[in-house]
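Written out below as structure tokens is the structure these notes cover.
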Amino acid sequence: MTAKIIDGKGFSQKLRSRIASTVAEIRTSKGIVPGLAVILVGQDPASEVYVRNKAKQTSEVGMESFKYILDADVSEESLLDLIDEVNRNDSIHGLLVQLPLPDHIDSDLVINSISPQKDVDGFHISNVGLLSTGQKAMVPCTPLGCKLMLLDYHGSLSGLNAVVVGRSNIVGKPMANLLLQENCTVTIAHSRTRDLPAVCREADILVAAVGRPNFIKGSWIKPGATVIDVGINRINNPDPAISKPKLVGDVDFDEAKSVAGAITPVPGGVGPMTIACLLANTVTSFCRTEGLPDPNWVEK
Ligand code: NDP
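So the sequence shown is numbered by our numbering: it starts at 163 and just counts up by one.
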């Protein structure tokens with residue numbers, strides 16, 4: 163068997179073009195466009211690249227992009243003041259504070275100071291509660307992207323056995339909640355799980371969010387299963403002539419592709435969906451503010 167490759171890059175392009183059409187319709191009917199603000203504290207190079215990409219993609223879909231770059235030694239109070247200002251700015255519908263924050267700033271306090279309606283990362287405690295009780299929430303972007311790809315591939319997920327390896331607040335737990343909402347039978351595995359290979363072999367849908375390169379082996383995968391690899395790991399390139407690190411997922415792709423029915427590659431799978439879902443969440447937030455129905459991002 164050779165697994166079908168779930169093309170996250172292509173899917174994210176289609177999603178962004180659906181977002182651009184929705185934004186164009188909003189511009190025509192309302193005379194305004196959704197706005198997304200990003201706050202970056204300090205100069206972490208990886209975060210700077212990520213924030214630049216977000217701003218570029220926000221503009222490309224026709225939305226307004228707001229960027230606030232603060233010094234690494236900014237006080238917590240000043241950051242909270244800025245969040246308050248953005249919360250009250252009617253031109254901004256989505257706000258994310260790039261993580262990680264410097265040690266002197268309380269990340270939980272900062273996240274919970276964002277207006278839940280504008281919390282397009284879905285990390286605010288109110289959104290976590292809404293999601294886990296099955297109510298209308300802002301859903302974290304990475305698990306949302308995984309769900310959209312799974313629905314696109316499977317149609318319905320009802321009754322399938324899903325195993326999520328990893329229980330972080332940003333990926334594992336919200337992913338499990340989303341799969342439960344889709345009527346999967348869900349198992350969450352983690353570092354204390356006994357006989358992880360046997361648990362994984364029960365999965366019709368296996369989501370890996372571990373942060374360990376090539377951790378999940380082909381022999382752990384049920385033949386024909388759908389594998390979503392969230393992991394992004396940088397390893398030394400096996401080709402000594404190439405000094406640039408190689409990006410690999412949490413799943414041993416070469417082994418998995420001959421067992422799984424479908425699999426997301428790394429790079430080009432889950433990664434590109436994350437920013438696209440951030441844009442989608444901003445449009446959803448705009449629609450909720452304006453009393454419009456939520457856009458349906460699954461529609462082809
Ligand atoms: P965390 O480090 O927060 O969580 C990792 C999880 O994996 C924990 O729950 C941990 O268990 C579990 N784990 C670690 N070792 C093992 C093991 N040996 N067996 C079973 N479970 C184990 O990571 P994140 O959730 O933030 O990220 C996971 C991966 O996804 C990373 O590679 C990250 O880079 C990537 N990622 C990708 C994104 C994208 O856009 N594609 C976005 C976000 C993350 P325990 O709780 O017991 O310690």
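Glycine included, each C-beta is placed from N, C-alpha and C at the ideal position.
(message) ligand 1 and arginine 450: does the residue's C-beta get closer than 6 Å to at least one heavy atom of that ligand?
(response) The count along the sequence shown starts at 1 and reaches residue 450 at position 288. No, the Cβ of arginine 450 stays beyond 6 Å of every heavy atom of ligand 1.
(request) Could you tell me which uninterrupted alpha helix (DSSP H) segments, each at least 4 residues in length, are contained entirely in the segment 163-225, listed from first to last along the chain? (result) 170-192 and 207-222
(request) For my contact list, isoleucine 181 and valine 223 are in at a C-beta cut-off of 8 Å; report their separation, rounded to the angstrom. (result) On the sequence shown, position 19 is the one that residue 181 refers to. On the sequence shown, position 61 is the one that residue 223 refers to. Right, the Cβ-Cβ distance comes to about 5 Å (below 8 Å), so this counts as a contact.
(request) Answer yes or no: the CB of alanine 403 versus the heavy atoms of ligand 1, is any distance below 6 Å? (result) Residue numbering aside, residue 403 sits at position 241 when the sequence shown is read from its first letter. Checking every heavy atom of ligand 1 against the Cβ of alanine 403, none is found closer than 6 Å.
(request) Have a look at the DSSP bridge pairing and note the partners of serine 227. (result) Position 65 of the sequence shown, counted from the first residue, corresponds to residue 227. Answer is Leu198, bridged to serine 227.
(message) Could you check whether serine 253 and glycine 193 sit closer than 7 Å to each other, using their CB atoms as the reference points?
(response) For the purposes of this step, residue 193 is identified with residue 31 of the sequence shown, where counting begins at 1. For the purposes of this step, residue 253 is identified with residue 91 of the sequence shown, where counting begins at 1. Result no, Cβ atoms of glycine 193 and serine 253 do not sit closer than 7 Å.
(message) Measuring alpha carbon to alpha carbon, tell me which residue in Pro402, Ile378, Ile367 and Glu344 is nearest serine 320.
(response) Within the sequence shown, residue 320 is the residue found at index 158, counting from 1. The option with the nearest alpha carbon to serine 320 is Glu344.
(request) Under the assumption that valine 460 contacts leucine 292 (Cβ atoms under 8 Å), give the Cβ distance between them as a whole number of angstroms. (result) Within the sequence shown, residue 460 is the residue found at index 298, counting from 1. Within the sequence shown, residue 292 is the residue found at index 130, counting from 1. About 20 Å separates the two Cβ atoms, so there is no contact after all.
(message) Just to check my reading of the structure: glycine 307 and threonine 436 have Cβ atoms closer than 8 Å, yes? What is that Cβ distance to the nearest angstrom?
(response) The sequence position of residue 307 within the sequence shown is 145, counting from 1. The sequence position of residue 436 within the sequence shown is 274, counting from 1. Rounded, the Cβ-Cβ distance is 6 Å, consistent with contact.
(message) By the three-class DSSP mapping on this structure, what secondary structure does leucine 241 have?
(response) Stepping through the sequence shown from its first residue, residue 241 is reached at position 79. DSSP places leucine 241 in helix when its eight states are reduced to three.
(message) Which of the three DSSP states is assigned to asparagine 251 in this structure?
(response) The count along the sequence shown starts at 1 and reaches residue 251 at position 89. Coil.
(request) Indicate whether methionine 337 and valine 325 have their beta-carbon atoms separated by less than 7 Å. (result) Reading the sequence shown from its first residue, position 175 is the one you call residue 337. Reading the sequence shown from its first residue, position 163 is the one you call residue 325. Cβ distance not < 7 Å, so methionine 337 and valine 325 don't count as in contact.
(request) Using the Cα positions of leucine 258 and leucine 440, report the straight-line distance between them to the nearest angstrom. (result) The residue you call residue 258 lines up with position 96 of the sequence shown. The residue you call residue 440 lines up with position 278 of the sequence shown. Going from the Cα of leucine 258 to the Cα of leucine 440 covers about 9 Å.
(message) Just to confirm my understanding: we take threonine 347, look at its own chain, exclude 5 residues before and 5 after, and list those with CB closer than 6 Å. What are they?
(response) Taking the sequence shown and counting its residues from 1, one reaches residue 347 at position 185. Correct list, in chain order: Asn323.
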